[in-house]
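Shown next, in structure tokens, is the structure this report addresses.
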Amino acid sequence: MYVVSVALMSPLVHTAASSYAPQRYTFRPPRTASGFEPYDMNGGMVCGVAGSGYVVLACDTRLVSGYEILSRRCSRLWPLGPAEDDGALPSAAVAAGGCLADCEGLRRSL
45 MYVVSVALMS PLVHTAASSY APQRYTFRPP RTASGFEPYD MNGGMVCGVA
95 GSGYVVLACD TRLVSGYEIL SRRCSRLWPL GPAEDDGALP SAAVAAGGCL
145 ADCEGLRRSL
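Residue numbers for the sequence shown follow the working numbering, beginning at 45 and rising by one.
Here's what the structure looks like:
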């Protein structure tokens with residue numbers, strides 16, 4: 045639990061009977077059920093290199109939560125569109141890192 049004390053000078057607190065002495069307030073962040081936090085930074089590194097006529101995208105495959113490794117096979121690189129008839133890869137791809145739910149949402153919307 046975090047407790048922060050702040051001394052504030054505020055004319056809104058002043059009345060005729062009170063002085064302008066600093067008022068003491070205590071800040072407590074809002075509580076969540078069992079410390080649940082809906083967003084989890086799942087890590088991930090994405091790197092891209094572009095040159096004349098080519099683009100290289102690379103990403104790691106680890107899915108982490110804090111100090112736990114949840115998966116070692118989670119790709120963060122997704123092709124956009126079907127493969128070409130000659131077997132070539134699609135010409136567009138998406139690579140993203142961070143919260144996996146947000147990355148999946150981005151992929152589905154594109």
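Don't be surprised by glycine CBs; every beta carbon is placed ideally from N, CA and C.
LEU101 is a Cβ neighbour of ALA139, given a cutoff of 7 Å. In this structure MET89 touches GLY141 by the C-beta definition: roughly 6 Å separates them, less than 8 Å. Contact between ASP84 and CYS143 holds: their C-beta atoms lie close to 6 Å from each other, under 8 Å. By the beta-carbon neighbour count (other beta carbons within 10 angstroms, threshold 16), GLY97 is exposed.
Within the same chain, and ignoring the five residues on either side of LEU121 in sequence, the residues whose Cβ sits closer than 7 Å to its Cβ are LEU101, CYS103, ALA137, ALA139.
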